[in-house]
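2 protein chains.
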Amino acid sequence: MATIKDIANKLGISVSTVSKGLNGAPDISEELRQVVLDTAVEMGYKTKKMQKQEHKKLVLFIENMDYETANQFGYEIILGFKQAAFRDNWEVVIQPVTPAFQANEKYDTYMLKNGYSGAFLVGFALHDDWLSQLSTTKIPTVLFDNYIKHNPLVGAVGTDNFEGIEYGVEHLVALGHKKIAFLNGSLNSLVSDQRQEAFVNCMHEHGLETPDSLLAYGFYVADSAKYHVPGFLSEGATAIMCGNDLIAMGVIAECQNRGFKVPEDISVIGFDDLPISSHLTPPLTTVRQDRTELGKSGYYTLNSLLNKVSISRTTLRAQFINRKSTAKAKERSLS
Amino acid sequence: MATIKDIANKLGISVSTVSKGLNGAPDISEELRQVVLDTAVEMGYKTKKMQKQEHKKLVLFIENMDYETANQFGYEIILGFKQAAFRDNWEVVIQPVTPAFQANEKYDTYMLKNGYSGAFLVGFALHDDWLSQLSTTKIPTVLFDNYIKHNPLVGAVGTDNFEGIEYGVEHLVALGHKKIAFLNGSLNSLVSDQRQEAFVNCMHEHGLETPDSLLAYGFYVADSAKYHVPGFLSEGATAIMCGNDLIAMGVIAECQNRGFKVPEDISVIGFDDLPISSHLTPPLTTVRQDRTELGKSGYYTLNSLLNKVSISRTTLRAQFINRKSTAKAKERSLS
């Protein structure tokens, strides 16, 4: 476990300043206090109160999402959740789950026998066993990118997908693109449904068509580009919006393999803004989901439910990141 | 200003217990602490820290909404906001505003010259001067029942109107109603638009029609019932959903004046659940908006924006309150 001295060394400040930050002393600025607390969480420091109160625990269940290293999507979500929970002295247990795990354990029973007061579920799919049990759970629970109807003890957090897709479409339309393809994420997920609706509505608002030949699902896998990009290109698409940055990487590679330059011939837009996306060739234009804020909002929403304030949904802003993978539309004769 | 002794007297506990609650001493339960804090806010108590830090101020602007007494819609919104802000030592100034006031004062300038760090706007309409200025403000601001696109410093809170209307429609459909009228709130407001969409979609999902003759706007005024109820009745409506409880009261009175019994002949559902609604004859079936939670969520959302977490929307659960103003549908011959 990290000590106060480790934190002081990392930040280049005195041990007493770290101590003041951890204890909320009045003669330290709120900004510095936040830096101290965030660093303490990142280094795995535990306060004495946390070490004593072994019963005060939250759990973060994670499925279908990479989170182990700083360049992966889930990493900062977990970090943000822990950082926000730390100020209220919660211990946070990270628990990866699989479909088999869910089949063997009832959600409520599992929570009770482990002494968890509440949970944050990240990366779950609509068909998961536990998701169907959440309509009736009595344990405060927050879902990332999913939504449960009618249960006031279950809340949701996510980025505003409508706003995010609108940013992308409007950027491409302003560059003169008319044939825009959309390689969305997973079929039958809340997030993909919202983005599909946003894409179709926004295109239609600009008087542009959305034929089936320019719409597909890439399941968040870069390799999916191989199956769909050839069709998009032969239909005359001059721009491709993607369900996440991984798909966008696959799309860029596939375009380049086929002799199309990005962005000169084809514009590509991602979604998420992974740490690697600014280092690609070309640097990726994308829609940012602030993962640290998503994690923190996950905790704030859970904390509200624990205090009997029935938040149903917390929606965060999407942010448009304009880099180098988009350019003015070029008229192309169909190949 | 209320003293610690006043709070102790009101709650029937000792002065030292109140003091412990106010100061967050470890030997008082979290539940009792919350009661002490909430009572302190309700009685207008100020901590020493609040009295000193005159610069740490938030403002709650209110327009077009009654809030002075406990039976009015805005009262608990304001109370909830103050209760949540109190724990972080914010002084909250309540500032009623009019269109003239807005025309004379630029929003940002007004905030700066009064030293307000952030604002909660309640009861504003889409055409208000200030609402158009909020697209570019740099001051953290939260709106109740309104929404501003693209500005990450402006958030929104409100009840899930879709869920609320669905509860009402599904309740009436289960009772066998087919001709259901909807006397909505104000034309061209975010809330009314959402409820209209929810009503029409939910009716169509059940295979029921929504002719224009059964849809109208009542502008949250009880007297509006006089203009629209006669038409609804002559079209054969057996149930009327209303944009708020005040409209529902007008609708019930108008039905009774015309010799129709509620709920035997006509079922009526309100929206809001005002304190008076359980005391009406018949007690009103309605959709509850928890105003204290809305106020608290307003503060939590503002606090997130002040801490640079860009919450775009916080949505609270609607709650269905089944009382006595609805009953099984009765076949009626048209008059």
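Same order as they appear, the protein sequences are chains S and X.
Our numbering applies: residue 1 is where the first sequence begins, and numbers increase by one.
Our numbering applies: residue 1001 is where the second sequence begins, and numbers increase by one.
C-beta atoms are modelled at their ideal positions from N, C-alpha and C, and glycine is treated no differently.
- Within chain X, the residues whose beta carbon sits less than 7 Å from that of D160(S) are S1312, listed in sequence order.
- A direct Cα-to-Cα measurement between L246(S) and L214(S) gives close to 19 Å.
- When rounded, the separation of the alpha-carbon atoms in N1161(X) and V122(S) is 26 Å.
- Runs of the beta strand (DSSP E) lying entirely within the segment 1235-1284 of chain X, each at least 3 residues long, are 1239-1242, 1267-1269 in chain order.
- Any Cβ of chain X closer than 8 Å to the Cβ of R87(S) would place that residue at the interface, and such an atom is absent.
- Between the C-alpha atoms of F144(S) and N1104(X) there is a straight-line separation of about 44 Å.
- For G298(S), the enclosing alpha helix (DSSP H) stretches over residues 291-306.
- At least one beta carbon of chain X lies nearer than 8 Å to the beta carbon of K296(S).
- Distances from the CA of G1024(X) to each of T1098(X), L1058(X), N1089(X) were compared; the closest alpha carbon is that of N1089(X).
- Residue contact check for Y300(S) against chain X: a CB pair falls below 8 Å.
- Taking a 10 Å sphere around the C-beta of S1014(X), we find fewer than 16 other C-beta atoms and assign the residue as exposed.
- Contact between the segment 297-312 of chain S and the segment 78-93 of chain S is present: 3 or more CB-CB pairs across the two stretches fall below 8 Å.
- Close partners of P275(S) in chain X (Cβ separation under 9 Å) are lacking, with about 19 Å as the shortest Cβ gap.
- Assigned with DSSP and collapsed to three states, N114(S) falls in coil, not helix or strand.
- Our two residues, V1154(X) and H1127(X), have alpha carbons roughly 17 Å apart in a direct line.
- Using a 10 angstroms sphere on the CB of E166(S), the tally of other CB atoms reaches 16 or more, which defines it as buried.
- C-alpha of R1288(X) to C-alpha of Q289(S): approximately 33 Å in a straight line.
- A distance of 8 Å or more separates the beta carbons of D108(S) and K149(S).
- In the DSSP assignment, A1085(X) falls outside any beta strand (DSSP E) and lies within the alpha helix (DSSP H) extending over 1073-1086.
- The C-alpha of M65(S) is placed about 11 Å away from the C-alpha of A125(S).
- Interface annotation, R195(S): not in contact with chain X, CB-CB separation never under 8 Å.
- Residue contact check for E205(S) against chain X: no CB pair falls below 8 Å.
- Beta-bridge annotation (DSSP): N184(S) is paired with Y217(S).
- In the structure shown, G21(S) adopts helical secondary structure according to DSSP, grouped into three states.
- Remark: C-beta atoms of G250(S) and A225(S) approach each other more closely than 8 Å.
- Membership of P96(S) in the beta strand (DSSP E) is indicated by the continuous run 91-96.
- In terms of Cβ geometry, V157(S) and F199(S) do not form a close pair [threshold 8 Å].
- DSSP places I1311(X) in the uninterrupted beta strand (DSSP E) bounded by 1311-1316.
- With fewer than three CB-CB distances shorter than 8 Å, the segment 1265-1276 of chain X does not count as touching the segment 266-281 of chain S.
- At a beta-carbon threshold of 8 Å, none of the residues of chain S lie near T1238(X); the nearest stands roughly 26 Å away.
- The C-beta distance from L1060(X) to Q1095(X) rounds to 7 Å, short enough to fall under 8 Å.
- According to the DSSP assignment, K46(S) belongs to no beta strand (DSSP E), since it is labelled neither H nor E.
- Per DSSP, reduced to three states, the secondary structure at K1057(X) is strand.
- Put simply, the CB of V1036(X) is far from chain S, with every gap to its CB atoms at 8 Å or more.
- If you check the CB distance, E1076(X) and T1286(X) do not come in under 8 Å.
- If the five residues before and after K57(S) are omitted, its C-beta is found closer than 8 Å to the C-beta atoms of W90, E91, V92, V93, N114, G115, Y116, S117, all from its own chain and listed in chain order.
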